[in-house]
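J.: Quick note on numbering that gives the first Met the number 0: the sequence shown kicks off at 0 and runs consecutively. Structure provided below as structure tokens; questions to follow.
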Amino acid sequence: MRKVTYKNIHNFFKLNGTHFDSIGLRVAAYYLIKEGDAHEKAMGEFLLDWFDDRSFIDLQTSGTTGTPKIIRKNKQALVNSALATGDFFELKPGDTALCCLPIQFIAGKMMLVRSFILGLAIDVVAPNSNPLAQLNKEYDFVAMVPLQVQNSLKEFYKVKKLIIGGAKTDSTLEQKLQGIKTKVYETYGMTETITHIAARKIGVEAFSVLPHVNISQDERECLVIDAPLVSDERLFTNDLVKIINEDQFVLLGRIDNVVNSGGVKLIPEKIEEKLSPFINERFFVGGIPDAVLGEKLVLVIEGEKKELAETIFETLDKYEKPKAVFFVPNFEVTESGKIKRKAILKSLS
Numbered sequence: 000m001r002k003v004t005y006k007n008i009h010n011f012f013k014l015n016g017t018h019f020d021s022i023g024l025r026v027a028a029y030y031l032i033k034e035g036d037a038h039e040k041a042m043g044e045f046l047l048d049w050f051d052d053r054s055f056i057d058l059q060t061s062g063t064t065g066t067p068k069i070i071r072k073n074k075q076a077l078v079n080s081a082l083a084t085g086d087f088f089e090l091k092p093g094d095t096a097l098c099c100l101p102i103q104f105i106a107g108k109m110m111l112v113r114s115f116i117l118g119l120a121i122d123v124v125a126p127n128s129n130p131l132a133q134l135n136k137e138y139d140f141v142a143m144v145p146l147q148v149q150n151s152l153k154e155f156y157k158v159k160k161l162i163i164g165g166a167k168t169d170s171t172l173e174q175k176l177q178g179i180k181t182k183v184y185e186t187y188g189m190t191e192t193i194t195h196i197a198a199r200k201i202g203v204e205a206f207s208v209l210p211h212v213n214i215s216q217d218e219r220e221c222l223v224i225d226a227p228l229v230s231d232e233r234l235f236t237n238d239l240v241k242i243i244n245e246d247q248f249v250l251l252g253r254i255d256n257v258v259n260s261g262g263v264k265l266i267p268e269k270i271e272e273k274l275s276p277f278i279n280e281r282f283f284v285g286g287i288p289d290a291v292l293g294e295k296l297v298l299v300i301e302g303e304k305k306e307l308a309e310t311i312f313e314t315l316d317k318y319e320k321p322k323a324v325f326f327v328p329n330f331e332v333t334e335s336g337k338i339k340r341k342a343i344l345k346s347l348s
């Protein structure tokens, strides 16, 4: 069987309704860069990078936990990731897809690569908070971030399979998604793993790994990923997990978010899950320095200051109850829209 490489374009592939080969895409790329809107220029630049003579491509990380950086990946690794996604989600040539994510980042790029390799008919639209609203078409496969999902709940009759990435899907949103016919999955991954290496169906606690991915834990109980088809290196993450079996794990939270308050280790993500049904605004919990406790747990809410009902803390255990509540008019976020927890907490210290 002939190996699929980055130079291949499936004969079922379509971009915005038009069949293209690699030469046609390069021609289109020049036009997009010259005449297109911001998202079209980004697509044009990526197309030229993808179809040039180099076997590698440079990718920018999101900067969620530090300064954004550029990492270099072999194009074949992106192809391998696309094939694994196709197998896991049972995508087939001719399926329709929608890219409504920024193509500057890996998630948007990979929607295009999956389409080249798997033979998807993809529409690319400008990223916005409700991308389905103006579209009168049904899609087999769509990727979104949680904010887009929240704003698109009434539109998912247009989508058969939806993957959510970029940030955690909170319990309130998950509850809403269990009432729709769309098959919805939360994904786990990062730029270093070329988007997702695992996914879980909404309503199921554990993530299942994609083909050719092996998982383990280090001494910190954080996830270790061996995915030789997408990464030459073993990846040591900062994500605390519970390993269920060789193919499944439960994500607990990030070790760099853990708050050590008076010797008690608290996982903010678990507390946030309990609070999410009671707080409509964006929020998070974290730790700030404290002379007595070392760190004290605080709740940070985006918006104007207001009184909170004490009942919202009734679901929390004794040590999980915040010692203070702060209101911040606007959360500082990364370029890809993730909340800069550490920077916000530092400003409150």
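Beta carbons are placed, not taken as given, at the ideal position from N, Cα and C, and that holds for glycine. No experiment lies behind these values; they were computed from the predicted model shown.
How long is the line joining the alpha carbons of Asp-36 and Pro-126, rounded to whole angstroms?
T.: 11 angstroms
J.: Would you identify the three-state DSSP class for Glu-204, choosing helix, strand or coil?
T.: coil
J.: Assign Ala-290 to buried or exposed, taking buried as 16 or more other Cβ atoms, counted over all protein chains shown, within 10 Å of its Cβ.
T.: exposed
J.: Tell me, to the nearest whole angstrom, how far the beta carbon of Leu-121 is from that of Pro-145; I am working on the premise that it is less than 8 angstroms.
T.: Residue identity differs from the one stated: residue 121 is Ile in this sequence, not Leu. With a contact defined as Cβ atoms closer than 8 angstroms, Ile-121 and Pro-145 miss out at about 22 angstroms.
J.: With DSSP run on the structure shown, which of helix, strand or coil describes Ser-179?
T.: In the sequence as presented, Ser is not what sits at residue 179; that position holds Ile. The DSSP-derived three-state label of Ile-179 is coil.
J.: Using a 10 Å radius around the Cβ and a threshold of 16 neighbouring Cβ atoms, would you call Ile-105 buried or exposed?
T.: By the beta-carbon neighbour count (other beta carbons within 10 angstroms, threshold 16), Ile-105 is buried.
J.: When the Cα atoms are used, what is the spatial distance from Lys-2 to Thr-84?
T.: Cα to Cα, Lys-2 sits roughly 17 angstroms from Thr-84.
J.: Within its chain, find whatever has a CB closer than 6 angstroms to the CB of Phe-115; leave out the 5 residues flanking it on each side and keep chain order.
T.: The answer, listed in chain order, is Ile-8, Phe-12.
J.: Kindly list the residues whose CB is nearer than 6 angstroms to the CB of His-211, restricted to its own chain and excluding five residues on each side of it in sequence; keep chain order.
T.: Excluding residues up to 5 positions away in sequence, Leu-228 lie with their Cβ nearer than 6 angstroms to the Cβ of His-211 in the same chain.
J.: Just to confirm, is the Cβ distance from Arg-340 to Gly-293 under 7 angstroms?
T.: no
J.: For Asn-251, tell me which candidate among Asn-329, Gln-103, Phe-206, Gln-149 has the shortest Cα-Cα distance.
T.: In the sequence as presented, Asn is not what sits at residue 251; that position holds Leu. When only C-alpha atoms are compared, the closest one is Phe-206.
J.: Just to confirm my understanding: we take Lys-200, look at its own chain, exclude 5 residues before and 5 after, and list those with CB closer than 6 angstroms. What are they?
T.: Closer than 6 angstroms at Cβ, skipping near neighbours: Tyr-184.
J.: For Ile-278, which three-state DSSP category applies?
T.: coil
J.: Given a threshold of 16 other Cβ atoms within 10 Å of its Cβ, counted over all protein chains shown, does Val-240 qualify as buried or as exposed?
T.: Classification of Val-240: buried, given that the 10 Å Cβ count is 16 or more.
J.: Quick one: using the 10 Å Cβ neighbour count with 16 as the cut-off for buried, is Leu-347 buried or exposed?
T.: exposed
J.: For Ile-365, count the other beta carbons within 10 Å of its own beta carbon; 16 or more makes it buried, fewer makes it exposed. Which is it?
T.: Summary: the structure shown does not reach residue 365, with the chain confined to residues 0 through 348, and so no result is reported for it.
J.: Does the beta-carbon of Ala-81 have 16 or more other beta-carbons within 10 angstroms, so that it is buried, or is it exposed?
T.: buried
J.: Looking only at its own chain, which residues have a Cβ that is under 6 angstroms from the Cβ of Val-148, when we skip the five neighbours before and after it?
T.: If we look at Val-148 and ignore the five residues flanking it on each side, its Cβ neighbours are Ile-163.
J.: Ile-224: buried (16+ other C-beta within 10 angstroms of its C-beta) or exposed?
T.: The residue is buried, with at least 16 neighbouring Cβ atoms inside 10 Å.
J.: Sort out for me which residues DSSP pairs Asp-57 with in a bridge.
T.: DSSP lists Arg-71 as partners of Asp-57.
J.: Name the DSSP bridge partner or partners of Thr-333?
T.: None, per the DSSP bridge assignment.
J.: Is it the case that the Cβ atoms of Lys-295 and Ser-260 are separated by a distance below 7 angstroms?
T.: yes
J.: Using 8 angstroms as the threshold, is the segment 151-171 in touch with the segment 127-141, meaning 3 or more CB pairs across them?
T.: yes
J.: Using three-state DSSP, classify Asn-259 as helix, strand or coil.
T.: strand
J.: By the three-class DSSP mapping on this structure, what secondary structure does Gly-118 have?
T.: coil
J.: Please give the ranges of any beta strand (DSSP E) in the segment 283-341, keeping only runs that are unbroken, at least 3 residues long and fully inside the region.
T.: 293-301, 323-327
J.: Go to Leu-97, then tell me how far its beta strand (DSSP E) extends in each direction, as first and last residue.
T.: 95-98
J.: According to DSSP, is Glu-245 part of a helix, a strand, or is it coil?
T.: coil
J.: Can you tell me whether Asn-129 is helix, strand or coil according to DSSP?
T.: coil
J.: For Val-360, count neighbouring C-beta atoms within 10 Å of its own C-beta (all shown protein chains included) and say buried if the count is 16 or more, exposed if not.
T.: Coverage of the chain is limited to positions 0 through 348, which leaves residue 360 absent and any answer about it impossible.
J.: Skipping 5 residues on each side, what residues in its chain have a beta carbon closer than 7 angstroms to that of Lys-72?
T.: Phe-55, Ile-56, Leu-58, Ile-193
J.: I'd like to confirm something about Leu-119: is its beta-carbon nearer than 6 angstroms to some heavy atom of the ligand ZN, or not?
T.: The model on display carries no ligand, and the ligand ZN is accordingly not part of it.
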